[in-house]
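Before any comments, here is the structure.
Residue numbers (my numbering): 263 to 512.
Right under this line is the structure:
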């Protein structure tokens with residue numbers, strides 16, 4: 263989706279990336295490398311790679327909540343083992359090895375700025391509504407927040423919302439009611455879920471005239487568009503350091 267809005271920055275009015283990002287992280291690349299080893303070396307490559315991938319889509323807390331160390335008496339194994347074997351078998355029946363390897367390679371090399379300037383992200387004209395999952399280990403909420411912070415410096419129409427769940431990456435499928443509440447106000451301005459947004463500017467973004475003008479422009483556009491916002495600003499530049507040095511002298 264990120265690649266599509268970079269290739270055609272006017273393709274959509276609202277761009278809503280859910281539990282994803284414009285780049286693959288070191289953690290994601292590492293897991294894709296493990297996936298590749300399964301796909302190359304295993305006797306049942308798709309089956310075994312899928313079993314490993316299922317661990318990336320969930321969290322230890324999610325497994326505990328669902329399985330509680332319960333056992334499949336018929337198979338004489340833990341239910342979590344039965345669940346993993348089931349998913350491995352099902353994907354193996356409907357997915358070709360070549361297709362899985364291609365998907366894994368695309369995930370590993372995800373980077374919309376490749377052979378382009380990173381400023382290409384600033385060219386996206388759509389309203390960007392980034393949605394992260396607080397427990398996602400695949401595309402972490404922290405990375406999503408960094409992307410939001412980066413884009414918000416030059417684009418006033420960027421928002422960040424978060425799904426709260428123990429279920430990791432798969433929460434965007436499981437916590438559909440939370441996702442519905444986040445998405446509804448985007449298309450229905452009169453929605454009761456269209457609540458006040460907190461807009462925060464860090465000290466670096468206010469450190470000079472250019473940063474101040476950009477910040478004021480973002481605030482102005484949000485107010486003129488009728489958004490309800492609460493404004494939070496950090497101390498400009500190195501003001502915090504200066505205040506701390508004054509306190510240390512006393």
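Glycine included, each C-beta is placed from N, C-alpha and C at the ideal position. Just so it is clear, the structure is predicted and the values come from calculations on it, not from any experiment.
Euclidean distance between Cα positions of residue i and residue j
i, j, result
"residue 264", "residue 469", "30 Å"
"residue 360", "residue 369", "14 Å"
"residue 432", "residue 476", "36 Å"
"residue 274", "residue 375", "20 Å"
"residue 324", "residue 467", "38 Å"
"residue 410", "residue 338", "47 Å"
"residue 268", "residue 287", "19 Å"
"residue 479", "residue 418", "8 Å"
"residue 443", "residue 351", "35 Å"
"residue 362", "residue 494", "45 Å"
"residue 488", "residue 429", "35 Å"
"residue 327", "residue 472", "50 Å"
"residue 379", "residue 463", "24 Å"
"residue 413", "residue 434", "23 Å"
"residue 357", "residue 317", "19 Å"
"residue 322", "residue 405", "21 Å"
"residue 447", "residue 276", "12 Å"
"residue 415", "residue 483", "13 Å"
"residue 353", "residue 329", "21 Å"
"residue 348", "residue 377", "41 Å"
"residue 403", "residue 445", "17 Å"
"residue 438", "residue 345", "22 Å"
"residue 425", "residue 474", "31 Å"
"residue 336", "residue 307", "26 Å"
"residue 304", "residue 319", "21 Å"
"residue 481", "residue 461", "8 Å"
"residue 270", "residue 340", "49 Å"
Counted within 10 angstroms of its Cβ, other Cβ atoms place residue i as buried (16 or more) or exposed
i, result
"residue 485", "exposed"
"residue 492", "exposed"
"residue 233", "What is shown of the chain runs 263 to 512, which leaves residue 233 out entirely."
"residue 423", "buried"
"residue 342", "buried"
"residue 449", "exposed"
"residue 309", "buried"
"residue 332", "exposed"
"residue 427", "buried"
"residue 420", "buried"
Beta-bridge partners of residue i, as assigned by DSSP
i, result
"residue 333", "340"
"residue 421", "391"
"residue 463", "495"
"residue 277", "390"
"residue 398", "Note: residue 398 sits in no beta bridge, so no partner."
"residue 272", "DSSP, once it has assigned bridges, lists no residue as partnering residue 272."
"residue 373", "285"
Rounded distance between the beta-carbons of residue j and residue i, thought under 8 Å
i, j, result
"residue 372", "residue 285", "6 Å"
"residue 366", "residue 298", "6 Å"
"residue 459", "residue 490", "7 Å"
Min CB distance residue i to chain B below 8 Å
i, result
"residue 296", "In the structure shown, chain B does not exist; there is a single protein chain."
Problem set entry | Cβ pair count under 8 Å reaching 3, the segment 381–401 against the segment 277–290 | The segment 381–401 vs the segment 277–290: in contact.
For this session: Mind the definition here: the segment 303–321 touches the segment 374–387 only if three or more C-beta pairs lie below 8 Å; say whether that holds.
Result: no
Exercise. Can we say the segment 398–415 touches the segment 285–298, given the rule of at least three CB pairs closer than 8 Å?
Worked result: yes
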